[in-house]
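Visitor: Heads up: the sequence shown begins at 1 in UniProt numbering, then just goes up one per residue.
To start, I am sharing the structure in question, which I have written as C-alpha cells.
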Amino acid sequence: MEAVAGKVIDLIEKAGTYFIRKIQNCINFGEDLKTLERNVKQLSDKAVDMKTDVENQERSGRKKRRRQVESWLNEVEQLKEELRQLKEEATRGEKNRGVLKKLNGRVAELEQRGDFGELVLDVDGREECPMQVQPVHEEKSKQNLEVVWTGLHDENVSSIGIYGMGGVGKTTLAKHIYNRLLEESCYQVYWVTVSQWFTIEGLQDDFAKIVKLNLSHVKDKHGRADQLNWAFKKMKNIVIILDDVWEHLRLEELGYPLGMEGYKLILTTRSFEVYQKIGCKELLKVKKLNASDAWELFRKSLGSETRLSPDVERVAKSMAGRCEGLPLGLITLAGSMRGVTDIREWNNALNKFPDDMEKDVFKVLKYSYDQLNDGSSDITMQECFLYCALYPEDHKIGRDKLIGKFIMEGLVKGNSREEEFNDGHTILNKLVKCCLLEATVDDFGDELVRMHDLLRETALRITNDKPRYLVRSGIGPQVLEEQDWAFNLDRVSYHKSRIKRIPEDMAPNCPTLSTLILSNCDSTMIPGPFFQYMNKLQVVDLSYNSELMDLPSSISNLESLRALSLRGCSRLKSVPPLAKLKNSRVLDVSYTIIKEVPQGMEN
C-alpha cells in the first residue's frame with residue numbers, strides 16, 4: 001500500500017512540475033513577445049523619423065533617397081505585419097517560438113543595417129535623368145522648339161499648349177524641352193503622363209510625388225487638392241509638363257496653383273477643345289513635316305549603314321511620301337526597312353504599303369508589325385510586341401522583368417536561365433531597332449523599354465481579333481464585369497487598375513485563356529469559383545495585392561499552370577493545395593507571410 005501511495009505521490013509531483021513548466025513557458029512567451037513589441041516599436045519610430053527626414057530633403061527636388069534606405073523602410077513595414085500576425089496567433093493560444101526567434105533576429109539585423117550615414121543622393125537639382133529622344137534635325141522641328149522655349153521665358157505666358165494629331169511629334173518636342181530645362185539650374189521640371197484613362201485621384205498621386213506629399217490617409221479629393229496646393233506654394237520656379245491630355249482637366253482639382261508667379265505649365269494634346277477649356281495662354285500647333293524634312297527624317301532613321309542605289313532611293317521616297325509627313329510613321333517604317341538594299345524587297349514593300357495614311361495611320365504602323373514575321377521565322381517577335389500592350393499606357397517596363405514574363409509565357413528559348421535571358425534581350429533589341437519599342441533608363445541606370453501610345457493602340461486593335469486580349473490596365477476604380485470576358489480570350493490584364501470589387505459568384509467561361517494579370521489592383525478578395533472555367537491558364541500574376549489574405553480553392557485545379565506570382569501579397573498566409581499543378585515552373589511567394597510550402601509542392 002505504501003508503495004502504491006509513493007507512486008501516486010511521484011506522479012502528482014511530476015504532473016505538477018509539467019504544468020508549472022507549461023505555465024512558466026506561457027509566461028516567458030508573453031514576456032518575450034512584449035520585449036519584441038518594444039524593440040519593433042523602437043525600430044518603427046526610427047523608420048518614421050528616417051522617412052520624415054528623407055521626405056523633407058526630397059521636397060527640394062534636388063535629392064533622392066538611396067535604394068538601400070527604401071528597401072530598409074519596406075522591410076520594417078513587413079516586420080510590423082509579421083508581428084501583428086504573431087500576436088493574432090498568440091490570442092488564439094498558438095505560441096510559435098520559432099517565429100518569435102526569427103523576428104528577434106530580424107530586428108537585430110535591421111538595427112545593425114539601419115545606420116546609413118547619408119540617406120539621400122544628390123541629383124543635381126533634377127528629379128530624373130534626361131529623357132532619351134532623337135536629335136532634332138528638321139528645320140520646322142527646330143523652329144517649334146524655339147517657339148516653346150521663348151514662351152517659357154515670357155513672364156506673361158504661364159501655360160503653353162502643344163496641339164496636333166497623334167504621331168506628329170508633340171511628345172518628342174516636349175521631351176526636348178524637358179531635357180533642356182534640366183540643364184537650366186533655375187528651373188525644377190517634372191513630367192506627368194496623363195493618358196486616355198486617367199482619374200483625378202491618380203493624377204493627384206502623381207502630383208503628390210512632385211511635392212513629396214503622402215496622401216494615402218486623405219480620401220476626399222477636395223481635401224487632397226487643398227494639401228497639394230499648400231505644398232506647391234512652398235516651391236518655386238516649377239515647370240510641369242502634362243503629356244497626352246485627352247480631355248478637359250480642372251487644374252484646381254490637382255492642387256496646381258493657377259496664375260501664381262514662377263509656375264509654368266506645358267501640355268500636349270490631340271484635342272483643340274482641351275487646349276481651349278484649360279485656357280492655355282499660348283498654342284503651338286505641331287504640323288506634319290514637308291516633303292524635304294520628311295525624307296531627311298526617313299533617311300536618318302534608316303541609318304547610314306543602309307546604302308540605297310538611285311533606283312532603291314526612288315522607291316524609298318515613294319514609301320516615305322505615303323507617310324504624309326507623320327514622324328511616327330516615318331520612323332517606324334524606316335525601322336522595318338533598315339538594312340534592306342534589294343530593289344525587289346523595296347518594291348514588294350511598296351505594293352503592300354497603304355495608299356492613304358490620312359485615312360488610317362494604324363495601317364502604316366501595322367505594316368511594321370507585319371514585317372516582324374516575313375514567313376521565314378516564327379511569330380515570337382510579334383507575340384512579344386503584343387505582350388507589351390498588357391501594361392498601362394506610357395508605362396516604362398524593366399527589361400529583365402519583362403524577359404522574366406516572356407520566360408513564364410514560354411515565348412523565349414534556351415537550355416538555361418542565362419540562354420533564355422539572352423534570347424529575350426535579342427528580341428527586345430530587335431523591337432527597339434525596328435522602332436516598335438523605345439529604349440530608356442531610370443535614375444539608377446536600369447534598362448527599360450516603353451511603347452508609344454499609338455503603337456500600343458495598334459497592338460490593342462490587333463488583339464481585338466487574334467490573339468484576343470482584354471486590357472484594362474491603369475484604369476481607375478472599377479468592378480469586374482463577367483460580360484467583358486469573351487469566350488475566346490487569350491490574355492487578360494488589369495495591371496495597376498484599382499479593382500473595387502469582384503462579384504462573389506463571378507466565374508468567367510474562358511477555356512482558351514492562357515494569361516491572367518491582376519497585379520497591383522488593390523484586390524481584397526477573389527471569389528471561390530473564379531478560376532473554375534479557365535483550364536488552359538498558364539500564367540497567373542496576382543503580385544502586389546497587399547490586402548489579399550486568401551486564394552480561391554479553384555486555383556488548385558489549374559493543371560496547365562506554369563507560373564504563379566504572389567510576390568508582395570504581404571497579408572497572404574497560405575496557398576491552397578497545388579498537387580495537380582504538375583507543369584508548374586515558377587511559384588513566387590517572396591514578400592508574403594506564407595510559412596509553409598503549399599501542399600503538393602514539397603518536392
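Even glycine gets a Cβ: it sits at the ideal position worked out from N, Cα and C.
How big is the Cα-Cα spacing for Glu109 and Asp115?
Guide: The alpha-carbon atoms of Glu109 and Asp115 are separated by roughly 11 Å.
Visitor: Using 7 Å as the threshold, is the C-beta distance between Leu386 and Thr463 below it?
Guide: Cβ distance < 7 Å, so Leu386 and Thr463 count as in contact.
Visitor: Closer than 7 Å by C-beta to Ser368: which residues in its own chain qualify, once you throw out the five before and the five after it? Chain order, please.
Guide: Here the set comprises Thr332, Leu333, Gly335, Ser336, Cys434, Leu436.
Visitor: According to DSSP, Ala439 sits in a beta bridge with which residue or residues?
Guide: Partner(s): Val449.
Visitor: Report all residues from its chain with a CB closer than 6 Å to the CB of Ile200; omit the five preceding and five following residues, and keep chain order.
Guide: So the list reads Lys221, Glu253, once near-sequence residues are dropped.
Visitor: Could you check if Ile379 is buried or exposed, using at least 16 other CB atoms within 10 Å of its CB as the buried criterion?
Guide: By the 10 Å Cβ count, Ile379 comes out exposed.
Visitor: For Gln532, name the three-state secondary structure that DSSP assigns.
Guide: Gln532: coil per DSSP, three-state reduction.
Visitor: In whole angstroms, what separates the C-alpha of Met506 from that of Asn373?
Guide: Computed Cα separation, rounded: 38 Å.
Visitor: For Glu184 and Lys264, I'd like the C-alpha separation in whole angstroms.
Guide: Cα-Cα distance, rounded: 14 Å.
Visitor: Count the other CB atoms, across all protein chains shown, that sit within 10 Å of the CB of Ser60; report buried if there are 16 or more and exposed otherwise.
Guide: Because Ser60 carries a pLDDT of 49, less than 50, the predicted location of this residue cannot be relied on, and the following value inherits that uncertainty. Exposed: under 16 other Cβ atoms inside 10 Å.
Visitor: Is the Cβ-Cβ distance between Lys413 and Asp423 less than 7 Å?
Guide: In this structure, Asp423 lies closer than 7 Å to Lys413 by Cβ.
Visitor: Would you say the region 320 to 331 touches the region 275 to 289, given that touching needs at least three Cβ pairs under 8 Å?
Guide: Touching, yes, given that three or more Cβ pairs across the two stretches are closer than 8 Å.
Visitor: Can you check the region 274 to 352 for any alpha helix (DSSP H) of at least 4 residues that lies completely inside it and give the ranges in chain order?
Guide: Those alpha helix (DSSP H) runs which fall completely within the region 274 to 352 and span 4+ residues are 291 to 302, 310 to 322, 327 to 337, 343 to 352.
Visitor: Return the CA-CA distance between Asn179 and Glu138, expressed in angstroms with no decimal places.
Guide: Each residue's alpha carbon lies about 18 Å from the other.
Visitor: For the putative contact between Val157 and Gly151, defined by C-beta atoms under 8 Å, what is the C-beta separation to the nearest angstrom?
Guide: About 5 Å; that satisfies the 8 Å criterion.
Visitor: Along the chain, where does the beta strand (DSSP E) containing Thr91 start, and where does it finish?
Guide: Element bounds for Thr91: not the beta strand (DSSP E) but the alpha helix (DSSP H), 67 to 91.
Visitor: Give the DSSP bridge partners of Trp191, in chain order.
Guide: DSSP, once it has assigned bridges, lists Ile241 as partnering Trp191.
Visitor: Within its chain, find whatever has a CB closer than 8 Å to the CB of Leu79; leave out the 5 residues flanking it on each side and keep chain order.
Guide: Contacts found: Val40, Leu43, Leu103, Arg106, Val107, Leu110.
Visitor: Which residue wins for smallest C-alpha separation from Glu559, given the options Gly339, Phe531, Lys234?
Guide: For Glu559, the nearest C-alpha among the options comes from Phe531.
Visitor: Going by C-alpha to C-alpha distance, which of Pro598, Ser271, Ile210, Gln483 sits closest to Val245?
Guide: With distances taken between Cα atoms, Val245 lies closest to Ser271.
Visitor: If you draw a straight line from the alpha carbon of Gln599 to that of Ser574, how long is it in whole angstroms?
Guide: Cα to Cα, Gln599 sits roughly 10 Å from Ser574.
Visitor: Please tell me whether residue 621 and Trp346 are closer than 7 Å, where the distance is taken between their beta carbons.
Guide: Lying outside 1 to 603, the shown extent of the chain, residue 621 is not represented and no answer is given.
Visitor: Can you give the Cα-Cα distance for Leu561 and Val147, rounded to whole angstroms?
Guide: Cα to Cα, the separation comes out at about 55 Å.
Visitor: Output needed for Leu213: all residues of its chain with C-beta closer than 7 Å, excluding positions within five of it in sequence on either side, in chain order.
Guide: Excluding residues within five positions, the ones whose Cβ falls inside 7 Å are Gln227, Leu228, Ala231.
Visitor: List the residues that DSSP assigns as beta-bridge partners of Ser574.
Guide: Answer is none; Ser574 lacks a bridge partner.
Visitor: Where DSSP assigns a beta bridge to Gln478, which residues make up the other side?
Guide: DSSP lists Ile499 as partners of Gln478.
Visitor: What separation, rounded to the nearest whole angstrom, lies between the Cα atoms of residue 655 and Leu587?
Guide: Given a span of 1 to 603 for the chain in the structure shown, any question on residue 655 remains unanswerable.
Visitor: Measuring CB to CB, does Tyr187 end up less than 7 Å from Val239?
Guide: Yes. Within cutoff.
Visitor: What's the gap between the Cα of Tyr544 and the Cα of Trp197?
Guide: When rounded, the distance between both Cα atoms is 21 Å.
Visitor: Would you call the region 518 to 528 and the region 480 to 500 touching, i.e. three or more CB-CB distances under 8 Å?
Guide: The region 518 to 528, when compared against the region 480 to 500, does touch it at the 8 Å Cβ threshold.
Visitor: Determine contact between the region 447 to 459 and the region 392 to 405, defined as no fewer than three beta-carbon pairs at a distance below 8 Å.
Guide: These segments touch.
Visitor: On the premise that Ile517 lies in contact with Tyr494, defined as a C-beta separation below 8 Å, what is that separation, rounded to the nearest angstrom?
Guide: The pair is a contact, with the Cβ atoms about 7 Å apart (cut-off 8 Å).
Visitor: With DSSP as the reference, please indicate the residues paired to Asp588 in a beta bridge.
Guide: In the DSSP output, where bridge partners are listed per residue, Asp588 has Ser565.
Visitor: Spatial neighbours of Ser318 within its chain, please: CB distance less than 7 Å, with the 5 preceding and 5 following residues excluded, ordered by chain position.
Guide: Taken in chain order, the residues that qualify are Leu350.
Visitor: Quick check on Leu411: does DSSP put it in helix, strand or coil?
Guide: In this structure, Leu411 counts as coil in the three-state DSSP scheme.
Visitor: Answer with buried or exposed for Arg113, where buried requires no fewer than 16 other C-beta atoms within 10 angstroms of its C-beta.
Guide: Arg113 should be labelled exposed.
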